[in-house]
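Reviewing the structure listed below.
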Amino acid sequence: MEWKWIGRLLAVVIEGLLIASCSVFVSPTPTATPVPTPGPPLTAKEAYRLAEPAIRAWHEDAVVEYVGTPTSNHWVYDDGTSQVWYFGITTVHTKTGVVVYGKGAVPVIGYQGIPGFEKSGVLPDNPISPLDELEIDSDEAVEIVLRHGVSSEDRLIEIELTPPSSYYGVPLSWKLTYGDADDIHSYRKIFIDAHTGEVVGHNDFAE
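Per the working numbering, the very first residue in the sequence shown carries number 60; after that it's consecutive.
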């Protein structure tokens, strides 16, 4: 997973557990930071619907800048779901970020669980559209790549929603990474336009 955004926005870790109606608990010390406990696998849009109340509670004008999963042989599933999702968030007014770890029904707000310990933030150049407005969810992206060179025997280890990028040469896209999470040399990537479902940019599965 690419962590270049850490320190300038809010990240929400959703573990497939309901937090929509929960109260907010701020841990008083770094040692109180909870260890993430993976829950039932969800698609990106399903996880976002659970994360959104915590995002809005942090700041009503918060916008999403990053969506992705850990790079994992265990938490990410071949059907495009994951037991853990990260949502990077920033806001126009405060321009600061915190980390929210969801655990059970009690998320923790505060970078590394320390209240007030927030990182400086900047507005994203390419904020991600509200996930509910995307035509293609993470599981649908997997269905598409299975028709474009990816085999059902290939192991999905990371899902990331990539903003429009000149580096990758893609519009807003799902970047799916296959291989062994413990062997970076095994990684193979394919990009799917999150609005049209087209295969775009670099494709390690191209013939």
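Beta carbons: idealized from backbone N, C-alpha and C, even for Gly.
Item to check | Residue(s) in a DSSP beta bridge with N262 | outcome: Indexing the sequence shown from 1 puts residue 262 at position 203. DSSP output for N262 lists I249 as bridge partner(s).
Checklist entry - When we look at the beta-carbon of Y226 and count the other beta-carbons within 10 Å, is it buried (16 or more) or exposed? => result Sequence index remark: in the sequence shown, residue 226 carries index 167 (1-based). With fewer than 16 other Cβ atoms within 10 Å, it is exposed.
Item to check | Integer-rounded CB distance, given that S232 should sit under 8 Å from I251 | outcome: For the purposes of this step, residue 251 is taken as residue 192 along the sequence shown, with counting starting at 1. For the purposes of this step, residue 232 is taken as residue 173 along the sequence shown, with counting starting at 1. Going by Cβ atoms, the distance from I251 to S232 rounds to 6 Å, so yes, they are a contact pair.
Item to check | L215 in three-state terms, based on DSSP | outcome: Here the question's residue 215 lines up with position 156 in the sequence shown. DSSP places L215 within a strand segment (E or B) once states are collapsed to three.
Checklist entry - Can you name the start and end residues of the alpha helix (DSSP H) that D198 belongs to? => result The sequence position of residue 198 within the sequence shown is 139, counting from 1. Counting along the chain, the alpha helix (DSSP H) containing D198 begins and ends at S197 to V204.
Next on the checklist: Please classify T149 as buried or exposed, where buried requires at least 16 other C-beta atoms within 10 Å of its C-beta.
Outcome noted: Here residue 149 is taken as the residue at index 90 of the sequence shown, counted from 1. Buried, because 16 or more other Cβ atoms sit within 10 Å of the Cβ of T149.
Item to check | Endpoints, beta strand (DSSP E) assigned at Y125 | outcome: Counting from 1 along the sequence shown, the entry for residue 125 is found at position 66. Taken as a continuous stretch (DSSP letters only), the beta strand (DSSP E) holding Y125 covers V122 to G127.
Checklist entry - Is the number of C-beta pairs between the stretch 117-125 and the stretch 194-214 that are closer than 8 Å three or more? => result No, the stretch 117-125 is not in contact with the stretch 194-214.
Checklist entry - Going by Cα to Cα distance, which pick from L101, I114 and D138 is closest to D213? => result Against the sequence shown, residue 213 aligns to sequence position 154. For the residues L101, I114 and D138, the minimum Cα distance to D213 belongs to D138.
Item to check | For Y145, the three-state DSSP class (helix, strand or coil) | outcome: Looking up residue 145 in the sequence shown gives position 86. Taken through DSSP and simplified to helix, strand or coil, Y145 comes out as strand.
Checklist entry - CA-CA distance, T255 and S210? => result As a working note, residue 255 is residue 196 in the sequence shown. As a working note, residue 210 is residue 151 in the sequence shown. C-alpha separation (whole angstroms): 22 Å.
Item to check | Cβ shell of G260 (< 6 Å), same chain only, five flanking positions each side left out | outcome: Your numbering for residue 260 matches position 201 in the sequence shown. Cβ neighbours of G260 within its own chain (closer than 6 Å, five residues either side excluded): Y227, G228, V229 and F250.
Checklist entry - If you draw a straight line from the alpha carbon of I203 to that of H133, how long is it in whole angstroms? => result The residue labelled residue 203 in the question sits at position 144 within the sequence shown. The residue labelled residue 133 in the question sits at position 74 within the sequence shown. Cα-Cα distance, rounded: 22 Å.
Item to check | Under 8 Å between C-beta atoms of L190 and G127 | outcome: What you label residue 190 is simply residue 131 of the sequence shown in a count that begins at 1. What you label residue 127 is simply residue 68 of the sequence shown in a count that begins at 1. Not a contact, by the Cβ cut-off of 8 Å.
Next on the checklist: Quick check on DSSP: helix, strand or coil for L109?
Outcome noted: Here residue 109 refers to the residue found at position 50 of the sequence shown. The DSSP-derived three-state label of L109 is helix.
Checklist entry - Whose CA, out of R115, L109, R206 and G238, lies closest to the CA of A265? => result Residue numbering aside, residue 265 sits at position 206 when the sequence shown is read from its first letter. Taking only the C-alpha atoms, the option nearest A265 is R206.
Next on the checklist: Checking 8 Å against the spacing of the C-beta atoms, do V123 and I218 come in under that value?
Outcome noted: As a working note, residue 123 is residue 64 in the sequence shown. As a working note, residue 218 is residue 159 in the sequence shown. Between V123 and I218, the gap from beta carbon to beta carbon reaches 8 Å or more.
Checklist entry - Since Y125 and Y107 are thought to touch, with beta carbons under 8 Å apart, how far apart are those beta carbons, to the nearest angstrom? => result Locating residue 125 in the sequence shown gives position 66, counting from the first residue. Locating residue 107 in the sequence shown gives position 48, counting from the first residue. Not confirmed; about 12 Å, so no contact.
Checklist entry - When DSSP labels each residue in this structure, what does I243 get in the three-state scheme? => result Here residue 243 corresponds to residue number 184 of the sequence shown, with the count starting at 1. When DSSP states are grouped into helix, strand and coil, I243 belongs to the strand group.
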